[in-house]
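One structure is given here, and the rest of the page talks about it.
Number of protein chains: 2
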Amino acid sequence: MSNHHQQNNQQEWQGGGGSSNNSNNIGGGPCGACKYLRRKCVKGCVFAPYFDSEQGTAHFAAVHKVFGASNASKLLLRIPAHRRLDTVVTLCYEALSRVRDPIYGCVAHIFTLQQQVLYALPFLFFFLFFVFLIKKS
Amino acid sequence: MSNHHQQNNQQEWQGGGGSSNNSNNIGGGPCGACKYLRRKCVKGCVFAPYFDSEQGTAHFAAVHKVFGASNASKLLLRIPAHRRLDTVVTLCYEALSRVRDPIYGCVAHIFTLQQQVLYALPFLFFFLFFVFLIKKS
Chain A
1 MSNHHQQNNQ QEWQGGGGSS NNSNNIGGGP CGACKYLRRK CVKGCVFAPY FDSEQGTAHF
61 AAVHKVFGAS NASKLLLRIP AHRRLDTVVT LCYEALSRVR DPIYGCVAHI FTLQQQVLYA
121 LPFLFFFLFF VFLIKKS
Chain B
138 MSNHHQQNNQ QEWQGGGGSS NNSNNIGGGP CGACKYLRRK CVKGCVFAPY FDSEQGTAHF
198 AAVHKVFGAS NASKLLLRIP AHRRLDTVVT LCYEALSRVR DPIYGCVAHI FTLQQQVLYA
258 LPFLFFFLFF VFLIKKS
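Protein chains in written order, with our numbering: chain A, 1 to 137; chain B, 138 to 274.
In structure tokens, the structure reads:
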């Protein structure tokens, strides 16, 4: 995946914690994940940099419902720290999509985009044919 | 989601059980899910119609790793029986994508398709401009 996508994700992401390092919310109470799970947010909590105690709690609720906190935590721990933000963004996106649409989840978006690409193909062929005609004349 | 997508999913799905009703694999041993979880496949097992004991086991392994068997089971039980096949197909798709690409999962596919749509837009505008010129002349 390109850096472009990484930048896009970071720009689009609005529900993460205030800091992007791995410290926990010192002085700011538990992170959104620990707040939702009603547990103490310990130093080095894997969710703390990405789930703040406001919007992050709602996002984590979706992640917990769809993936489970344990699965999400295991997944994050397997990924290098500098790629975790992207992982959290995509996990939240998938989870929120699945909560909204329990049957298709974010795959509904893939279907829609595939159809858009399919509809756009004739225009591309028309354009290529037009260029071919110009070159020939 | 349209019936078109539902038909597409059913055509694309190759890892489901032999039957699409809710009976379990009577006489055929445990379903792929119960085989993976090493448990007895009871009558009415929610996974049995969709995970056979061969390819279904590999697909269920991905679903279990990413979503967890309990979450997948809860999700399926909340969905009417006639929509569960689509749900299993999309769950497997998401899970296999996440196993292949732990950072982006199937969202990588969404990024790619979004870029394709973005690249196709100028061709669409060119076509519309061309039609406009023809109508004007």
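Glycine included, C-beta positions come from ideal geometry on N, C-alpha and C.
Check	Outcome
Assuming A:C66 contacts B:N208 under a Cβ cut-off of 8 Å, what Cβ separation, rounded to an integer in Å, is found between them?	Here residue 66 of chain A is Val; the residue named in the question, Cys, does not match the sequence. Confirmed, Cβ separation roughly 7 Å.
Around the Cβ of A:H109, are there at least 16 other Cβ atoms within 10 angstroms (buried) or fewer (exposed)?	buried
Give the range of the alpha helix (DSSP H) segment to which B:C171 is assigned.	169 to 174
Counting only beta-carbon separations shorter than 8 Å, does B:V200 have a partner in chain A?	no
Just the Cα atoms here: how many angstroms apart are A:C31 and A:V63?	14 Å
Closest Cβ-Cβ distance between B:A257 and chain E: below 8 Å?	Of the chains in the structure shown, none is chain E; the protein chains are A and B.
Roughly how many angstroms separate the alpha carbons of B:T227 and A:G56, rounded to a whole number?	26 Å
In the DSSP assignment, the alpha helix (DSSP H) including B:C229 goes from what residue to what residue?	221 to 237
Looking at the C-beta of A:P102, does it have a partner C-beta in chain B at a distance below 8 Å?	yes
Counting only the same chain and skipping the five closest in sequence on each side, list residues whose C-beta sits under 8 Å from that of B:E191.	G169
If you draw a straight line from the C-alpha of B:S160 to the C-alpha of B:Y187, how long is it?	Because B:S160 sits at a pLDDT of 43, beneath the cut-off of 50, its placement in the model cannot be relied upon, and the following sentence gives the value as read from the coordinates. In a straight line, the C-alpha of B:S160 is about 10 Å away from that of B:Y187.
If we ignore side chains and look at the alpha-carbon of each, how far apart do A:K135 and B:K272 end up?	23 Å
Report yes or no: do three or more beta-carbon pairs, one from the region 109 to 122 of chain A and one from the region 257 to 265 of chain B, lie closer than 8 Å?	yes
Are any of the Cβ atoms in chain A nearer than 8 Å to that of B:V183?	no
Could you please give the first and the last residue of the uninterrupted alpha helix (DSSP H) stretch that includes B:I247?	244 to 273
In whole angstroms, what separates the C-alpha of B:F248 from that of A:K40?	36 Å
Can you grab the Cα-Cα spacing for the pair A:C45 / A:L128, in whole Å?	54 Å
What's the call for A:R100, buried or exposed, on a 16-neighbour Cβ count within 10 Å?	exposed
In the DSSP assignment, the alpha helix (DSSP H) including A:S73 goes from what residue to what residue?	69 to 78
Do the CB positions of B:G205 and A:G105 come within less than 8 Å of each other?	no
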